[in-house]
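Everything on this sheet refers to the single structure shown next.
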Amino acid sequence: MNNFDFKNPTKIIFGKDTIEQLKNEIPTDAKVLLLYGGGSIKKNGIYDQVKIALANVNVVEFGGIPANPEYAILMNALKVIKDENITYLLAVGGGSVIDGTKFLSAAAVFEGDTPWDILTKKIRTEKGMPFGTVLTLPATGSEMNSGAVITREETKEKLAMGGPGLFPVFSILDPQVITSIPQRQLANGLTDAFTHVLEQYMTYPVGALLQDRFAESILQTLVEVAPTVLKDPTNYQAASNFMWSCTMALNGLIQKGVPGDWAIHMMGHELTALFGIDHARTLAVIAPSHYKYNFEAKKEKLAQYGERVWNITEGSTDDKAYEAIAKTEAFFHKLGIDTKLSDYTKDYEGTAEEVEKRFKDRGWKLGERQALLPEDAKKIVRMSY
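Read in my numbering, the sequence shown has 644 at position 38, and its numbers run on one by one without any break.
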């Protein structure tokens, strides 16, 4: 097992009817900017619960953060923060709203002229404006980590940022919120969380036995609850296990002491930036090709995953590893997730070359050994057509 440091300061408030506890978490003298997305929280009752809980707090609102948090829109929110002398941020939404709030937390204290530099120059935020979250869509795990991904439409870029100052102070997780989520988004959430675990687990063995089993248990839980979550989101047991699995998938715990990959995400981000495809679906497009292309480097863990998560007991290491890839793709299909780029756009020709060019321009090397070069990314993306 590799050396590691681990600190996660986010307070989790989990369970039924916990949104009312907001009143205990935000300082009464704070001036709060309430951030949310397209307005679904006003239809499903979450907005009303938040407003009641914050009845004694000075609140300014900013809605309209899109599914891929857009830099230009966030800059409008940043102007509100400055003009209104905001001191505390509250994200009420899924990963996109929370990611956008993290950017604002960093940008609010950024001393440079161009906040986009936080992303392009990989500036880590040591201390941002404090913020909390009310999670409305389990998927990204952003409610308990310090990372974010921001999109810039004018340049068709999607870049990551982070730093120890970008952990939420608290996050409220009420599994009952999933009852109003469309099935497409539930499928996305399951796929996103599942792939988050794979990115931290599907590398090479380093003797981190407990970490492997943490990861496998999350994967097993997602496989087990997925059919119920999609069929009956009012099932509280399934909903609560789904929500907690999504949080545990990316709160930092399972990545400690082990190598991490994240190449699937880096390639997937480009597909979202270029075509607007849902983030989770780009992961499902890239993952099978990525594992096939890097088969020799990953086959030991692929076979282990096949044995422990998919109960594949017959055949050689290679046989089990190939079957594990097939089972993963089949799982995505059962969720209603297509796994080829051509399923999402007719304009896929040339995408592989564009991804290669972007990675070359950025000087990127990917994968757990930093051995995947831009020309490898080109081949993987082409395999995904």
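Each residue gets a CB set at the ideal place from its N, CA and C atoms; glycine is no exception.
Let me check understanding here. Comparing Cα to Cα, which of V829, R790 and M808 lies closest to R1011?
Residue coverage of the chain in this structure runs from 607 to 991, which leaves residue 1011 outside it and unanswerable.
Beta-carbon separation of L941 and T853 under 8 Å?
The residue labelled residue 941 in the question sits at position 335 within the sequence shown. The residue labelled residue 853 in the question sits at position 247 within the sequence shown. Contact flag unset, no.
Around the C-beta of K613, are 16 or more other C-beta atoms found within 10 angstroms, so that it is buried, or is it exposed? Taking the sequence shown and counting its residues from 1, the one referred to as residue 613 is at position 7. With fewer than 16 Cβ atoms within 10 Å of its Cβ, K613 is classed as exposed.
Check: Can the beta-carbon of V783 be found closer than 8 Å to that of I652?
Finding: Sequence index remark: in the sequence shown, residue 783 carries index 177 (1-based). Sequence index remark: in the sequence shown, residue 652 carries index 46 (1-based). A contact, by the Cβ cut-off of 8 Å.
Query - Chain-order list of residues whose beta-carbon lies under 6 Å from that of G706 (same chain, five-residue window excluded) - result: For the purposes of this step, residue 706 is taken as the residue at position 100 of the sequence shown. Excluding sequence neighbours, G706 sits near I671, P675 and L680.
Worksheet item: Would the beta-carbon of L710 fall within 8 Å of that of A673?
Response: Working through the sequence shown from its first residue, we reach residue 710 at position 104. Working through the sequence shown from its first residue, we reach residue 673 at position 67. No, the pair does not count as a contact, with Cβ atoms beyond the cut-off.
Spell out the partners DSSP gives F776 in its beta bridges.
-> Within the sequence shown, the letter at position 170 stands for residue 776. Beta-bridge pairing links F776 to K617 and G738.
Query - Any 3 or more C-beta pairs closer than 8 Å across the region 721–739 and the region 688–706 - result: yes
What residue from L792, N857, G921 and N841 has the CA that sits closest to I824's CA? Counting from one through the sequence shown, the residue named residue 824 turns up at place 218. It is N857.
In terms of residues, what are the limits of the alpha helix (DSSP H) holding V835? Taking the sequence shown and counting its residues from 1, the one referred to as residue 835 is at position 229. Counting along the chain, the alpha helix (DSSP H) containing V835 begins and ends at L815 to K837.
Item to check | Residues near I787 by beta carbon distance below 7 Å, same chain, minus five either side | outcome: Position 181 of the sequence shown, counting from 1, holds the residue named residue 787. So the qualifying residues of the chain are L743 and P839.
Next on the checklist: So, for K629: in the same chain, excluding its five sequence neighbours on each side, which residues have a beta-carbon less than 6 Å away from its beta-carbon?
Outcome noted: The residue labelled residue 629 in the question sits at position 23 within the sequence shown. The residues are A659.
Backbone CA spacing between F881 and T888 [nearest angstrom]
Start at 1 with the first residue of the sequence shown, and residue 881 comes out as number 275. Start at 1 with the first residue of the sequence shown, and residue 888 comes out as number 282. F881 and T888: Cα-Cα distance of roughly 10 Å.
Within 10 angstroms of its Cβ, does E877 collect 16 or more other Cβ (buried), or is it exposed? As a first step, residue 877 must be located in the sequence shown, where it is residue number 271. Sequence inspection shows Leu at residue 877; the Glu mentioned does not correspond to that position. With 16 or more Cβ atoms within 10 Å of its Cβ, L877 is classed as buried.
Q.
Can you give me the C-alpha to C-alpha distance between R730 and T761, rounded to a whole angstrom?
A. Looking up residue 730 in the sequence shown gives position 124. Looking up residue 761 in the sequence shown gives position 155. So the two alpha carbons sit approximately 22 Å from each other.
Practice problem: Assign T785 to one of two classes, buried (16 or more other C-beta atoms within 10 Å of its C-beta) or exposed (fewer than that). | Solution: As a working note, residue 785 is residue 179 in the sequence shown. So T785 ends up on the exposed side.
Exercise. Can you list, in chain order, the stretches of the alpha helix (DSSP H) that have 4 or more residues and sit fully within the region 654–697?
Worked result: 677–690
Between the beta-carbon of I632 and the beta-carbon of L779, is there less than 8 Å? Stepping through the sequence shown from its first residue, residue 632 is reached at position 26. Stepping through the sequence shown from its first residue, residue 779 is reached at position 173. No.
With the cut-off set at 8 Å, would you say S702 and P781 are in Cβ contact? Taking the first residue of the sequence shown as position 1, residue 702 is located at position 96. Taking the first residue of the sequence shown as position 1, residue 781 is located at position 175. No.
Just the C-alpha distance for D689 and K637, rounded to the nearest angstrom, thanks.
Locating residue 689 in the sequence shown gives position 83, where the first residue counts as 1. Locating residue 637 in the sequence shown gives position 31, where the first residue counts as 1. Each residue's Cα considered, the two are about 12 Å apart.
Quick check on the DSSP output: the alpha helix (DSSP H) that includes M750 runs from which residue to which? By one-based count along the sequence shown, residue 750 stands at place 144. Here M750 belongs to no alpha helix (DSSP H), and DSSP marks it neither H nor E.
Find the nearest neighbour of L836 within the set T726, Q789, R988 and N608, judged by alpha-carbon distance. The residue you call residue 836 lines up with position 230 of the sequence shown. The candidate whose alpha carbon is nearest that of L836 is Q789.
Inset, instruction - Under 8 Å by Cβ, that's how I've got A832 and A745 pegged, so tell me the actual separation to the nearest angstrom. - result: Counted from its first residue, the sequence shown places residue 832 at position 226. Counted from its first residue, the sequence shown places residue 745 at position 139. Between A745 and A832 the Cβ distance is about 13 Å, and since that is not below 8 Å, they are no contact.
Less than 8 Å between the beta carbons of V891 and K946, yes or no? Position 285 of the sequence shown, counted from the first residue, corresponds to residue 891. Position 340 of the sequence shown, counted from the first residue, corresponds to residue 946. Yes. Within cutoff.
Exercise. Give the C-beta separation of V715 and K727 to the nearest angstrom, bearing in mind that I take them to be a contact with Cβ-Cβ under 8 Å.
Key: Sequence index remark: in the sequence shown, residue 715 carries index 109 (1-based). Sequence index remark: in the sequence shown, residue 727 carries index 121 (1-based). With a Cβ gap of about 16 Å, V715 and K727 do not count as contacting.
Tell me, which residues are paired with I880 by DSSP?
Taking the sequence shown and counting its residues from 1, the one referred to as residue 880 is at position 274. The sequence given here places Leu at residue 880; Ile does not occur at that position. Per DSSP, none; premise fails for L880.
| query | Does DSSP put T598 in a helix, in a strand, or in coil? | reply | One cannot answer for residue 598 here, as it falls past the ends of the chain, which runs 607 to 991.
(message) Measuring straight from C-alpha to C-alpha, what distance separates K933 and V803?
(response) For the purposes of this step, residue 933 is taken as residue 327 along the sequence shown, with counting starting at 1. For the purposes of this step, residue 803 is taken as residue 197 along the sequence shown, with counting starting at 1. Those two C-alpha atoms are separated by around 16 Å.
inquiry  = Can you tell me which residues form a DSSP beta bridge with L640?
reply    = To locate residue 640, count along the sequence shown from 1; it is residue 34. E667 and L696.
Pairwise C-alpha distance: A958 and K985: Walking along the sequence shown from the start, residue 985 turns up at place 379. Walking along the sequence shown from the start, residue 958 turns up at place 352. If you take the alpha carbons of K985 and A958, they lie about 7 Å apart.
Extent of the continuous alpha helix (DSSP H) to which G651 belongs:
Against the sequence shown, residue 651 aligns to sequence position 45. G651 -> no alpha helix (DSSP H), and no H or E assigned at all.
Using beta-carbon positions only, say whether T923 and E906 come within less than 8 Å of one another. One-based indexing of the sequence shown puts residue 923 at position 317. One-based indexing of the sequence shown puts residue 906 at position 300. Contact flag set, yes.
message = In whole angstroms, give me the CA-to-CA distance for Y950 and G956.
response = Working through the sequence shown from its first residue, we reach residue 950 at position 344. Working through the sequence shown from its first residue, we reach residue 956 at position 350. Spanning the two alpha carbons is a distance of roughly 15 Å.
**Prompt:** Just how far apart, CA to CA, sit E763 and G874?
**Reply:** The residue given as residue 763 occupies position 157 in the sequence shown. The residue given as residue 874 occupies position 268 in the sequence shown. Their backbone Cα atoms lie some 12 Å apart in a straight line.
When we look at the beta-carbon of Q843 and count the other beta-carbons within 10 Å, is it buried (16 or more) or exposed? Start at 1 with the first residue of the sequence shown, and residue 843 comes out as number 237. Exposed, because fewer than 16 other Cβ atoms sit within 10 Å of the Cβ of Q843.
Q | Check whether A936 and A909 have beta carbons under 8 Å apart | A | Residue numbering aside, residue 936 sits at position 330 when the sequence shown is read from its first letter. Residue numbering aside, residue 909 sits at position 303 when the sequence shown is read from its first letter. Not a contact, by the Cβ cut-off of 8 Å.
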